[in-house]
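Participant: Mind looking over this structure? Questions follow.
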Amino acid sequence: MSLQFFDTRRRKKLPFTPLHDGKVGVYNCGPTIYDFAHIGNFRSYIFTDTLRRWLEVKGFDVLQVMNLTDVDDKTIRRSQEEKLPLNDYTARYREAFFADIDTLNIQRAHVYPEATTHIDVMVELVQNLLDSGNAYKAEDGSIYFSVSSFANYGTLSGKRLEDLRVGERVSSDEYESKDDVRDFALWKAYDEADGDVFWETPFGKGRPGWHLECSAMSTKYLGHDFDIHTGGVDLVFPHHENEIAQSLCGIGGDFAHWWLHNEHLIIEGRKMSKSLGNFYTLRDIIEMGYSPREIRYVLAATHYRSKLNFTFDGLKAARAAIERIDEFHASWATYPEGEAVPEATEAIERAEAGFFSAMDDDLNVSGALAHVFTLIREINALHHEGRATQGLLPQLTELWEKFDHALSLFNPFGEEAADPESERIDALVAERWQARADKNWARADEIRDQLAAEGIELKDGADGTRWKRK
RNA sequence: GGCGGCGUGGCCAAGUGGCUAAGGCGAAGGUCUGCAAAACCUUUAUUCGCCGGUUCGAAUCCGGCCGCCGCCUCCA
178 MSLQFFDTRR
188 RKKLPFTPLH
198 DGKVGVYNCG
208 PTIYDFAHIG
218 NFRSYIFTDT
228 LRRWLEVKGF
238 DVLQVMNLTD
248 VDDKTIRRSQ
258 EEKLPLNDYT
268 ARYREAFFAD
278 IDTLNIQRAH
288 VYPEATTHID
298 VMVELVQNLL
308 DSGNAYKAED
318 GSIYFSVSSF
328 ANYGTLSGKR
338 LEDLRVGERV
348 SSDEYESKDD
358 VRDFALWKAY
368 DEADGDVFWE
378 TPFGKGRPGW
388 HLECSAMSTK
398 YLGHDFDIHT
408 GGVDLVFPHH
418 ENEIAQSLCG
428 IGGDFAHWWL
438 HNEHLIIEGR
448 KMSKSLGNFY
458 TLRDIIEMGY
468 SPREIRYVLA
478 ATHYRSKLNF
488 TFDGLKAARA
498 AIERIDEFHA
508 SWATYPEGEA
518 VPEATEAIER
528 AEAGFFSAMD
538 DDLNVSGALA
548 HVFTLIREIN
558 ALHHEGRATQ
568 GLLPQLTELW
578 EKFDHALSLF
588 NPFGEEAADP
598 ESERIDALVA
608 ERWQARADKN
618 WARADEIRDQ
628 LAAEGIELKD
638 GADGTRWKRK
């Protein structure tokens, strides 16, 4: 099967071919850096990371761009509450964001453009839209995009202008100065409440509207036509719809050719919200004692277009699944010398084919994981018979690294690797090994109990004991 | 009112016309082991919300019903 993705606009899975041979440009709607990102945000970033990683495994040269929104109503308000200049305020959360994605082993995008450092390209776009007649300056001094000037408005989300329930959910006075309540702001005129946050432009003093930055920055780094644009489902309308309208009218080209959207997650079956008390940042979950890899596993293991039920039972199940993965990986070192048996080679080849076809099918991570676990079971069964040998390791290792490149779930993350007490523990384990050789079961069990009390589990093998923190 | 999604074993979760309905977790029994742990083997959905229909054949397509949910406002 060839690589295919589900495109929101065309509403079906279609074979993916990039605009330029071997190269793929991807733009991800990123965070607004006014607070710590929550666990739902990270589902999006795990999704975009998986997309980028899979494209890389498939041999594409990927250019990934993710915006950081560093100016909007909430950001301005919060910075004022803390009496900090906007940049000082956002710096704290920009730093936290990068620390968090590093924690989850999410690869860094190649470019992280920020709104406040791209005012010039946004101003140019607004000017183009004014010149082309797609935008107008309202009485309040703000610049609005005229939705009715763009015949194809609504093609991404499947909404028709006449169906929109205008004014029903937002007080109408907010829209007093617009020609049409469905028009959206490109440029917001300066208001005293904005304090010192404003830019002087040919069309007035103010700040950019929300949708503008993504059109301006994506095309600046990826071109007027680029391959893939991603975001959460909530962004389909109006954010992405508006991006399309302003880009097509003010920049030209076809803008993004593929639109991929990830579903949200729910927590223990309920929508995540602060009022329900089930709102978690990544840091909250880490503090509860779950490892980054366990969290990544849970966030990755449900297909990105399905609602993910994030539960603590699920995190525990992920812990057990990862232990199985790590046990398998660790057991390679105990394989005896010898050529690979045909069953082993065949199992590895089946796993590779299955994993690739699942991932090629719109990033079916659950399906891909099933093939990994089947491989683990089959090779373990051979190992049980003494027929898993060193000879199969080159092929297995190569495939394992591909798996890990794609999903980053199969090798320990950096901070898991080293244990500060390994020397002391190794010494106790060695002493116990000797005690067992002397058939001094009392001493052997005493050491095992002592380590168990510290949360360290021992596994005796034929030629040594391995240990692990639970 | 408009548009759209979902309902698969105890839990999580693939599969969307046809081999025995993936896989993980959990549970039960067994093998191995000084005892454990891990590993291995076996068992755990004659059935995919319910009722009809289309078809040689449906969890997969169509219709109806029940239940849950999303978007139409900021939001991953």
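Residue 178 is where the first sequence starts when you use the numbering used here, and the numbers rise one by one after that.
Ideal placement from N, C-alpha and C gives every residue a C-beta, glycine not left out.
Report the rounded CA-to-CA distance for P415 versus E598, giving the unit in angstroms.
Facilitator: Spanning the two alpha carbons is a distance of roughly 53 Å.
Participant: What residues match up with A366 in a beta bridge as DSSP calls it?
Facilitator: The partner list for A366 (beta bridge, DSSP) reads G383.
Participant: Alpha carbon to alpha carbon, how far is K484 from H215? Give it in angstroms, no decimals.
Facilitator: Distance between the alpha carbons of H215 and K484 is about 16 Å.
Participant: Determine the closest residue to A315 out of A607, M394, E500, F380, with distance taken between C-alpha atoms.
Facilitator: Among A607, M394, E500, F380, the Cα nearest to that of A315 belongs to F380.
Participant: List the endpoints of the continuous beta strand (DSSP E) containing V203.
Facilitator: Start and end: 200-205.
Participant: Excluding the five sequence neighbours on either side, which residues of its own chain have a C-beta within less than 8 Å of the C-beta of T522, listed in chain order?
Facilitator: For T522, where only same-chain residues beyond five positions count, the Cβ hits under 8 Å are L569, Q572.
Participant: In the DSSP assignment, find the unbroken alpha helix (DSSP H) run with D404 in it and report its ends.
Facilitator: Where D404 is concerned, there is no enclosing alpha helix (DSSP H), although the beta strand (DSSP E) it sits in stretches over 402-409.
Participant: What are the uninterrupted segments assigned as alpha helix (DSSP H) that are 4 or more residues long and contained completely in the segment 431-484, given in chain order?
Facilitator: DSSP runs (the alpha helix (DSSP H)) wholly in the segment 431-484: 459-464, 469-478.
Participant: Based on DSSP bridge pairs, tell me the residues matched to D242.
Facilitator: Sequence inspection shows Val at residue 242; the Asp mentioned does not correspond to that position. Looking at the DSSP assignment, V242 forms a beta bridge with Y204, V288.
Participant: Would DSSP call D350 helix, strand or coil?
Facilitator: Legend: pLDDT at D350 = 47, less than 50; position of this residue unreliable, value from coordinates given subsequently. Reduced to three states, the DSSP call for D350 is helix.
Participant: Hey, would you say A565 sits closer than 8 Å to Y512, going by beta carbons?
Facilitator: Contact flag set, yes.
Participant: At 4 residues or longer, what runs of the alpha helix (DSSP H) sit wholly inside the segment 559-641?
Facilitator: Listed in chain order, they are 570-584, 591-594, 599-614, 618-630.
Participant: With C-beta atoms as the reference, is C426 less than 8 Å away from N244?
Facilitator: No, Cβ-Cβ distance for C426 and N244 is not below 8 Å.
Participant: Between the C-alpha atoms of K355 and N311, what's the straight-line distance to the nearest angstrom?
Facilitator: Taking the straight line joining both Cα atoms gives about 13 Å.
Participant: Report, in whole angstroms, the separation of the C-beta atoms of P469 and F587, which I expect to be a contact under 8 Å.
Facilitator: Their Cβ separation, rounded to whole angstroms, is 14 Å, which puts P469 and F587 out of contact at 8 Å.
Participant: Do S585 and R473 have their beta-carbon atoms positioned less than 8 Å apart in this structure?
Facilitator: Yes, the pair counts as a contact, with Cβ atoms nearer than the cut-off.
Participant: Whole angstroms is fine: what's the gap from N617's alpha carbon to E623's?
Facilitator: Going by the C-alpha atoms only, they are around 10 Å apart.
Participant: I need the straight-line Cα distance from W577 to D279, nearest angstrom please.
Facilitator: Those two C-alpha atoms are separated by around 21 Å.
Participant: Are the CB atoms of L437 and T407 nearer to each other than 8 Å?
Facilitator: Yes.
Participant: Taking the alpha-carbon positions, what's the R643 to R625 distance?
Facilitator: Their backbone Cα atoms lie some 12 Å apart in a straight line.
Participant: Please check the pair P195 and S179, which I expect to be a contact at CB under 8 Å, by giving their CB distance rounded to whole angstroms.
Facilitator: Going by Cβ atoms, the distance from P195 to S179 rounds to 12 Å, so no, they are not a contact pair.
Participant: Within 10 angstroms of its Cβ, does M465 collect 16 or more other Cβ (buried), or is it exposed?
Facilitator: Exposed, by the Cβ-count rule.
Participant: Starting from F274, follow the alpha helix (DSSP H) in both directions and report where the run begins and ends.
Facilitator: Looking at the DSSP string, the run of the alpha helix (DSSP H) that includes F274 is 263-280.
Participant: Which stretch, first to last residue, makes up the alpha helix (DSSP H) that contains E520?
Facilitator: Looking at the DSSP string, the run of the alpha helix (DSSP H) that includes E520 is 519-537.
Participant: Could you round the C-beta distance between F219 and L263 to whole angstroms and report it? I think they count as a contact, below 8 Å.
Facilitator: Contact doesn't hold; Cβ gap of about 25 Å is too wide.
Participant: When the Cα atoms are used, what is the spatial distance from V239 to Y289?
Facilitator: Those two C-alpha atoms are separated by around 15 Å.
Participant: Determine the extent of the beta strand (DSSP E) in which D357 is found, giving its start and end residues.
Facilitator: Where D357 is concerned, there is no enclosing beta strand (DSSP E), given that its DSSP letter is neither H nor E.
Participant: Contact between the segment 293-305 and the segment 386-403 is defined here as three or more beta-carbon pairs at a separation below 8 Å; is this criterion met?
Facilitator: A contact exists between the segment 293-305 and the segment 386-403.
Participant: Whose C-beta lies closer than 7 Å to the C-beta of K235 among residues of the same chain, with five residues either side of it excluded?
Facilitator: So the list reads L180, once near-sequence residues are dropped.
Participant: Can you name the start and end residues of the alpha helix (DSSP H) that Y222 belongs to?
Facilitator: Y222 -> alpha helix (DSSP H) spans 216-234.
Participant: Relative to the C-alpha of G531, which residue among A517, T551, A619 is closest?
Facilitator: Closest by alpha carbon: T551.
Participant: Taking a contact to mean a Cβ-Cβ separation below 8 Å, would you say N662 touches G409 in this structure?
Facilitator: Because the chain spans 178 through 647 in this model, residue 662 falls outside it and cannot be assessed.
Participant: Taking only three categories from DSSP, how would you classify T488?
Facilitator: Three-state result, T488: coil.
Participant: Determine the DSSP secondary structure at F182, reduced to helix, strand or coil.
Facilitator: Note: F182 maps to strand in three-state DSSP.
Participant: Between the Cα of I320 and those of G331, G383, L546, H506, spot the shortest distance and give me the residue it belongs to.
Facilitator: With distances taken between Cα atoms, I320 lies closest to G383.
Participant: In whole angstroms, what separates the C-alpha of F183 from that of G372?
Facilitator: Taking the straight line joining both Cα atoms gives about 44 Å.
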